[in-house]
Amino acid sequence: MAGARHRAGPALNRGKPRVGLLGGSFNPAHGGHRRISLFARDALGLDAVWWLVSPGNPLKPKAGMASLSARLGSALHMARRAPIVPTTIERELGTVYTVDTLRALRRRYPDVDFVWLMGSDNLAQLHRWRDWRRIARTMPIAVIARPGYDGLAAASPAAAWLGRYRRSAASLKHRAGWSAPALIHLRFDPDPRSATAIRRADPDWARRYAGRTVRDPLTHHPVKSDTP
1 MAGARHRAGP ALNRGKPRVG LLGGSFNPAH GGHRRISLFA RDALGLDAVW WLVSPGNPLK
61 PKAGMASLSA RLGSALHMAR RAPIVPTTIE RELGTVYTVD TLRALRRRYP DVDFVWLMGS
121 DNLAQLHRWR DWRRIARTMP IAVIARPGYD GLAAASPAAA WLGRYRRSAA SLKHRAGWSA
181 PALIHLRFDP DPRSATAIRR ADPDWARRYA GRTVRDPLTH HPVKSDTP
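Counting in the working numbering, the sequence shown runs from 1 upward without gaps.
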């Protein structure tokens, strides 16, 4: 658990480290990812946030997807000097679906309390994810508002099912608050930045990371520049 302990904040003296998990393509990572991660850390009293840089998202097309090494490189750059740990651990775990990743992380790090972080855009489509109810039963879910998606999220099947498990952010200050299912809504000033807009403005962004081998700060394994 070196990645979280190395960057952990004052919450370590409470007992178990508390880590938020933010999954995504990070194609590329940008200031919006950083901002919501730091906001969630403060709101939920977390020690760190791990960015799960996905080898491949089953719900996203492969066309236009930069290499894993370039995406990890952009995440490391964006996370510098912050309690954020970008990682490609899903590649090592051999998992593709979120439900399998979360269960594997719980097994690998039994001494860590995890909370799954997602934007309201993802809550709107959570019912399309494999075994989404099992995801909800694996760890608490904190949903961060995103412009234009709150209405869709509120009307989604997943939100209807999770509605009975709504809790406040303050509930995580107590041990009992980490039981699952649990749905926590976090609201802050909207951040309009998106990876799609960045790719349109700078379609060659990944070239800045070409030819580099980057090291995963959580697993400590290298990710070569030609890793797809």
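The beta carbon of each residue, even a glycine, is placed where N, CA and C say it ideally should be.
Checklist entry - Are Phe114 and Met78 close, meaning C-beta to C-beta below 8 angstroms? => result The answer is no: Cβ separation not under 8 angstroms.
Next on the checklist: As a quick exercise: from Phe188, Asp189, Gln125, pick the residue whose alpha carbon is nearest that of Ala159.
Outcome noted: Gln125
Next on the checklist: Give me the residue from Trp116, Asn27, Arg133 with the minimum Cα distance to Pro157.
Outcome noted: Arg133
Item to check | Option in Val99, Pro86, Arg175 with minimal Cα separation from Arg112 | outcome: First, the residue type needs correcting, since residue 112 is Val and not Arg in the sequence shown. Of the candidates Val99, Pro86, Arg175, the one whose C-alpha sits nearest the C-alpha of Val112 is Arg175.
Item to check | Test item: CB-CB of Thr213 and Thr87 under 8 angstroms | outcome: It is not a contact, given that the beta carbons lie outside the stated cut-off.
Checklist entry - How long is the line joining the alpha carbons of Ile198 and Leu72, rounded to whole angstroms? => result Going by the C-alpha atoms only, they are around 16 angstroms apart.
Checklist entry - When DSSP labels each residue in this structure, what does Trp161 get in the three-state scheme? => result Helix, per DSSP.
Checklist entry - In whole angstroms, what separates the C-alpha of Ala104 from that of Phe188? => result A direct Cα-Cα distance of roughly 31 angstroms separates Ala104 from Phe188.
Next on the checklist: My output table needs one value for Arg185: the three-state DSSP class, helix, strand or coil.
Outcome noted: Inspection of the sequence shows that residue 185 is occupied by His rather than by Arg. Reduced to three states, the DSSP call for His185 is strand.
Next on the checklist: Please tell me whether Ala82 and Arg34 are closer than 8 angstroms, where the distance is taken between their beta carbons.
Outcome noted: yes
Item to check | Beta-carbon contacts of Pro23 that lie in its chain and below 7 angstroms, excluding the five residues immediately before and after | outcome: The sequence shown places Gly at residue 23, rather than the Pro named in the question. Closer than 7 angstroms at Cβ, skipping near neighbours: Leu52, Ser54, Thr98.
Checklist entry - On the three-state DSSP scale, how would you describe Trp50? => result Looking at Trp50 - three-state DSSP - the assignment turns out to be strand.
Item to check | Cutoff 8 angstroms; reference Ser194; Cβ partners in own chain excluding five residues on either side | outcome: His30, Gly32
Next on the checklist: When you compare the CB positions of Gly45 and Leu172, do they come within less than 8 angstroms of one another, or not?
Outcome noted: yes
Item to check | Minimum C-alpha distance to Thr101 - residue among Asp216, Leu162, Ile135 | outcome: Cα-wise, what sits closest to Thr101 is Ile135.
Item to check | Proximity below 8 angstroms, CB of His183 to CB of Leu162 | outcome: Reading off the sequence, residue 183 comes out as Leu, not His. Yes; because the gap between Cβ atoms is below 8 angstroms, this pair is in contact.
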